[in-house]
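Since the structure comes first, as structure tokens, the remarks are kept for the end.
Right, dumping it as structure tokens:
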């Protein structure tokens, strides 16, 4: 497969070299099986193979990025024929930097779990594990998704870099229902882990079963325990804001901060970990052919690094961090360093607060100030004097990211690998307890 994709790259590159000053070609192949679970049964199986071609082209400091997905390799070559007529319409890039000279990189090993290939051919045992683990905990009904993939990528640059990687991915998320209540959990990794997949069903069901004794919550300030699903969603937003491109363009809470500034609680360390092979965006090289490495974004509450490609690095007189993105640098995988607290210990610490298990509709009202809101989804538990005393309906967190980072007072000792459609960057994150979170109601 490596020879096939690299051969496609070289065929495209041979045409582009004659037309452009610099070129990068990346071809991705994804063989995947998606299974939809509805009402405790497999409702849909959808297998597909998708090829994606991505081109980065430079002519007279004008840059052009093109991407197209297709299941037919022949269509990739047709795409190349017509791109030249557009490059003259583009202004010179303010962030232009030459493609870096190729250097050796240390490859990542063991990126493919053979069990993923096995379960692509027969996913029923994993689906039954998800469903039955929820039903055994008292859920009446389940719905969710299991996705199994084998992903290959080949990267070629016009100045001689050539790289290939192949890896697996399993993503599972399940919603469990008990009467009018629901709970949700998710898992994402390169590897099939039966215990973690069983936990998806168990935790979703446990939350649904516990979400009884409905209570009304008055808007105001609460101490809030955020589940790993919520933490993954918010930390993805914060890590993405560490992209130097977003800092330069004014879409980041770090725009007015310098490296070394205090930006979070002392206990909080947030990192980009492209070389953590458990997480499914692990990679040895970025989209410019630069070797990746793990790095802290926030270390013990201090801003340690922005994420750079060669362009933003040149603009800010520093070095690439191996996070390209041809336009914007990005985090590969996110890790939040665990603390020493159990979930029970967090609950006992709360006098008047909430446990929010899931969220969606996260929106920024002001990127620089960090003003944001997000709405709870599924079970929300009301905590009084160290005990869960009931559940409540949907609530909205309407607060500030800077304040949230600084008000973290307890961090869970266990991290969970999370990926689903509200956490698109693979994340390894714990529960968090945050003081004085502003809570409103989404329908007020």
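Residue numbers (our numbering): -12 to 431. Ideal placement from N, C-alpha and C gives every residue a C-beta, glycine not left out.
With fewer than 16 neighbouring CB atoms inside 10 Å of its own CB, residue 76 falls in the exposed class. Counted as a single uninterrupted DSSP element, the stretch harbouring residue 91 is not any alpha helix (DSSP H), since DSSP gives it neither H nor E.
At the C-beta level, residue 414 and residue 316 stay beyond 7 Å of one another. In this structure, the CA atom of residue 142 is about 16 Å from the CA atom of residue 2. Among the bridge pairs identified by DSSP, residue 152 is matched with 140. Within 10 angstroms of the beta-carbon of residue 33 lie fewer than 16 other beta-carbons, which makes it exposed. Secondary structure at residue 10: strand, using DSSP grouped into helix, strand and coil.
Residue pairing for residue 35: DSSP places it in a beta bridge opposite 19.
Contact check between the region 148 to 158 and the region 169 to 178: three or more CB pairs, one atom from each, fall below 8 Å, which counts as touching.
Annotated three-state conformation of residue 190 is helix, per DSSP.
Here the C-alpha atom of residue 45 lies approximately 33 Å from the C-alpha atom of residue 266.
Cβ contact annotation for residue 360 (same chain, cutoff 6 Å, sequence separation greater than five): 350, 383 and 385, in chain order.
Given a length threshold of 4 residues, the region 251 to 286 has no whole run of the alpha helix (DSSP H) inside it.
Here the C-alpha atom of residue 6 lies approximately 15 Å from the C-alpha atom of residue 52. By the C-beta density criterion, residue 338 is exposed, having fewer than 16 other C-beta atoms within 10 angstroms. Under the three-state reduction of DSSP, residue 159 is assigned to strand. Counting only residues of its own chain and dropping the five nearest sequence neighbours on each side, residue 185 has a CB closer than 7 Å to the CB of 116 and 120. Residue 419: member of the beta strand (DSSP E) spanning 419 to 427, first to last residue. Check the Cα spacing between residue 262 and each of -9, 93 and 35: the tightest is with 93. Between the region 196 to 209 and the region 139 to 153, the count of Cβ pairs shorter than 8 Å is below three; the stretches do not touch. Put simply, the backbone Cα of residue 62 is about 51 Å away from that of residue 249.
Sorting 243, 258 and 308 by C-alpha distance to the C-alpha of residue 272 places 308 at the top. With a cutoff of 7 Å on beta-carbon distance, residue 325 and residue 406 are scored as not near each other. The DSSP-derived three-state label of residue 86 is coil. For residue 175, there is no enclosing alpha helix (DSSP H); the residue is part of the beta strand (DSSP E) that begins and ends at 168 to 176. With a 10 Å radius around the Cβ and a threshold of 16 neighbouring Cβ atoms, residue 13 comes out buried. For residue 316, no beta strand (DSSP E) run applies, since DSSP gives it neither H nor E. Excluding its 5 nearest sequence neighbours in each direction, residue 0 has C-beta neighbours in its own chain below 7 Å: 10, 12, 143 and 145, listed in chain order.
DSSP places residue 346 inside the beta strand (DSSP E), whose first and last residues are 346 to 353. For residue 291, the secondary structure class from DSSP, reduced to helix, strand or coil, is coil. Residues 273, 274, 275 and 296 of the same chain have their beta carbon placed closer than 6 Å to that of residue 311, with the five preceding and five following residues left out of the count. Straight-line spacing of the CA atoms in residue 239 and residue 284 works out to 13 Å. A Cβ-Cβ distance of about 6 Å is found for the pair residue 378 and residue 201, placing them in contact under the 8 Å criterion. Here the alpha carbon of residue 214 sits roughly 7 Å from the alpha carbon of residue 342. Residue 49 places its beta carbon less than 7 Å from that of residue 79.
Under the DSSP definition of a beta bridge, residue 382 lacks any partner.
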